[in-house]
Amino acid sequence: MPLSGLLSVSAGGWPSIFYVFGAVGTIWCVAFLFFVYEDPESNPRMNIDEKKYVQKALGNKAGAPYVVNISNVFIKIPPIPWKSIVKSLPFWAILLAHMGHNYGYETLMTELPTYMKQVLHFSIKDNGFLSALPYLAMWLFSIFISHVADWLLTKPYFTHTVVRKLINGIGQYGPAIALVAASFTGCDRWLTVAILTIGVGLNGGIYSGFKVNHLDISPQFAGILMAFTNCLANLAGLLAPIYAGNVVVGTVVKQNGVLYLLLLLVYMLVVVPFMFYLHLAYDNHGTLKVIQTRRKKQMASLRL
258 MPLSGLLSVS AGGWPSIFYV FGAVGTIWCV AFLFFVYEDP ESNPRMNIDE KKYVQKALGN
318 KAGAPYVVNI SNVFIKIPPI PWKSIVKSLP FWAILLAHMG HNYGYETLMT ELPTYMKQVL
378 HFSIKDNGFL SALPYLAMWL FSIFISHVAD WLLTKPYFTH TVVRKLINGI GQYGPAIALV
438 AASFTGCDRW LTVAILTIGV GLNGGIYSGF KVNHLDISPQ FAGILMAFTN CLANLAGLLA
498 PIYAGNVVVG TVVKQNGVLY LLLLLVYMLV VVPFMFYLHL AYDNHGTLKV IQTRRKKQMA
558 SLRL
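Just add 257 to wherever you are in the sequence shown, counting from 1, and you've got my numbering.
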């Protein structure tokens, strides 16, 4: 966002934003194709010990032998436990939390620059920097709170379930409260910027909350779970700017307040199932218990 603000007032004008970021994205894509591999087995740069560690951490069957050659580790991957996934209440709780987050995040991402310009009357150059401030705070807070979460997990009185709910509550209730406060600041420019920066910053808690829960409940199939929740969450995010465009017409402050109050409602509602239905059961060794399917040859690693 700061770079976009500078580019928009440069000699290239606003079209330069698309050229610069398009070029950066193309370079990144080429690098991704050359340096990223499908899995540990196909990565020639990863040593065998590291491959063993990754595969074991992904939830392969305890005590299963590894078949190792010079460059690869081969293990049998059990079938995807579709029925267990559909019946898992923690999975649905994570899905709702993800959808609510994306709706709020996309609303702020698309409407915040407009709000800064039309309501708070910041210049386009300042707008780029100030609109980026909340997301810089979010990035920094996500790093800080992840260390706090790991520290809490070392304490006997904090279970994984409690830590995930606590940190996720900060990540979604925090922005909700901040948005309510921001809706009553009127045109106080710096107070509004400060509140939005704190609120969106607290949103960084979700990375140690529901976003890591896919690995919590099913390390081996976390990619499948994330594919489902991320797809549906992005569909919810698509609705955000559409609805915001119909609510906010012109520069009326009251209409922005209505939009923020709706976000409060979304944030509050999607956290409720997460608080009630997320239960992570661990055995005495600190590892998640595994649901066994009726078929002996399958091991469904969806964990409750």
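Yeah, the Cβ is synthetic: ideal placement off N, Cα and C, and Gly gets one too.
- The residue from Ile463, Gly461 and Ala439 with its alpha-carbon nearest to that of Ile452 is Ala439.
- Taking a C-beta distance under 9 Å as the contact criterion, Val450 and Met373 qualify as a contact pair.
- Of the other Cβ atoms in all chains shown, 16 or more fall within 10 Å of the Cβ of Tyr464; this residue is therefore buried.
- Under the three-state reduction of DSSP output, Val293 falls in the coil class, being neither helix nor strand.
- Per the C-alpha coordinates, the member of Thr364, Arg446, Ala288 and Gly270 positioned closest to Asn503 is Thr364.
- Secondary structure of Asp407 (DSSP, three-state): helix.
- Assigned with DSSP and collapsed to three states, Gln477 falls in coil, not helix or strand.
- Per DSSP, reduced to three states, the secondary structure at Tyr414 is coil, with no helix or strand assignment.
- Between Ala354 and Phe467 the beta-carbon gap is near 4 Å, inside 8 Å, which marks them as a contact.
- Taking C-alpha positions only, Gln429 is separated from Gly458 by approximately 10 Å.
- The Cβ atoms of Ala350 and Leu535 lie closer than 9 Å to each other.
- Under a 10 Å Cβ-count criterion, Tyr362 is classified as buried, with 16 or more other Cβ atoms of the shown protein chains found around its own Cβ.
- Just measuring C-alpha positions, the residue of Phe348, Leu387, Pro347 and Ile337 sitting nearest Trp447 is Leu387.
- About 30 Å separates the CB atoms of Ala497 and Thr418; that is not less than 8 Å, and the two are not in contact.
- Under the 10 Å beta carbon count, Ile284 is surrounded by fewer than 16 other beta carbons and is classified as exposed.
- Arg302 counts as exposed, since fewer than 16 other C-beta atoms from the protein chains shown sit within 10 angstroms of its C-beta.
- Within the same chain, Cβ atoms closer than 6 Å to the Cβ of Pro530 are found at Ala350 and Leu353, the five residues on either side in sequence being excluded.
- In the three-state scheme derived from DSSP, where H, G and I count as helix and E and B as strand, Leu521 is classed as helix.
- Here Ile342 is not near Phe441, since their CB atoms are 9 Å or more apart.
- 9 Å or more divides the Cβ of Arg421 from the Cβ of Asn487.
- Rounded to whole angstroms, the gap between the alpha carbons of Pro432 and Ser399 is 14 Å.
- A residue is called buried once 16 or more other Cβ atoms fall within 10 Å of its Cβ, and Ser299, having fewer, is exposed.
- The three-state reading of DSSP puts Ala493 in helix, counting H, G and I together.
- Where Ile463 is concerned, there is no enclosing alpha helix (DSSP H), because DSSP gives it neither an H nor an E.
- In the same chain as Gly279, and ignoring 5 residues on each side of it, no C-beta atom comes closer than 6 Å to its own.
- The alpha-carbon of Ile474 is positioned some 45 Å away from that of Trp271.
- Of all alpha-carbon atoms in Ser345, Ala435, Ser267 and Trp408, the one lying nearest the alpha-carbon of Tyr517 is that of Ala435.
- Burial state of His358 is buried, judged by a 10 Å Cβ sphere holding 16 or more other Cβ atoms.
- Residue range Trp339 to Lys344 is occupied by the alpha helix (DSSP H) that includes Trp339.
- Looking at the backbone, the Cα of Ile427 and that of Gly385 are separated by about 27 Å.
- Collapsing the DSSP output to three states places Leu453 in a helix.
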